[in-house]
Amino acid sequence: MATRLTPLRVALFPYRQAALVLCFLLVAATAALAQPDPLPSWNEGPAKQAILAFVRTTTDASNPGYVPPNERIATFDQDGTTWVEQPMYTPMLYCLARLRALAQEKPELADTEPFKSVLSGSLERLAGLPMSDIVKVYAATMTGMTVEELGGRCGSGWKRPGIRAGIVPTPNLSTSPCSK
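Using numbering that gives the first Met the number 0, the first residue of the sequence shown is number 0, and each one after it goes up by one.
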């Protein structure tokens with residue numbers, strides 16, 4: 000059965016087309032304005048909302064809490080959020096590998112504590128070292144080079160498989176939130 004055009008329908012026809020175009024434009028504009036979630040791997044909750052609110056506040060130039068880019072500093076706690084801490088912290092894996100290379104260049108390290116304990120390969124001996132000895136290992140393996148050299152050494156080591164074959168490939172030692 001055909002729809003019969005009445006004078007009222009004929010008069011409203013242009014408005015109906017305009018209403019359809021307006022609805023389409025509203026839907027398209029809403030989709031265009033939709034912002035992707037900047038922290039997609041984070042669970043919804045107070046912590047995520049606090050971070051997003053802080054970023055909005057400090058990056059909005061019209062907000063009293065605005066912080067200019069050259070004054071912004073980011074700090075991260077090494078608590079297992081950004082990288083693994085078990086069986087040991089990721090930087091320590093680098094130090095162990097670097098110490099082995101240093102011992103090739105300086106054989107006297109193999110006879111000097113705490114390096115002797117570390118080079119023994121015994122996790123028990125490594126775990127028993129006091130923090131002052133761990134600091135010595137860090138200092139010996141991360142000093143005496145430029146920042147660029149350290150970055151190059153760490154970067155190239157990051158792409159290689161883990162220190163102990165079969166555990167975890169080194170690139171998998173960071174968490175998804177770390178890359179956000």
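Using N, Cα and C, we set each Cβ at its ideal position, and we do this for glycine too. Just so we're clear, the structure is a prediction, and the values are computed from it rather than from any experiment.
Query	Result
DSSP state of V66 mapped onto helix, strand, coil	coil
From S61, S131, N62 and T57, residue whose alpha carbon lies closest to that of R71	T57
Cβ-Cβ separation, A139 to L98 (assumed contact under 8 Å), whole Å	7 Å
M181 - containing alpha helix (DSSP H), residue span	With the chain covering 0 to 179 only, the question about residue 181 has no answer from this structure.
S119 - DSSP class collapsed to helix/strand/coil	coil
Bounding residues of the alpha helix (DSSP H) (the contiguous stretch that carries E104)	T89 to E104
Exposure label - P39; buried when at least 16 CB within 10 Å	exposed
Cβ contact check for the segment 113-120 and the segment 129-136: 3 or more pairs under 8 Å	yes
Test item: CB-CB of A109 and L118 under 8 Å	yes
Assigned secondary structure, D110 (DSSP; H/G/I helix, E/B strand, else coil)	helix
Extent of the continuous alpha helix (DSSP H) run through R55	P45 to T58
Buried/exposed call for L122, threshold 16 Cβ in 10 Å	exposed
A102 versus P67: straight-line alpha-carbon distance, rounded	46 Å
Nearest-angstrom Cβ-Cβ length linking M141 and L149, presumed shorter than 8 Å	6 Å
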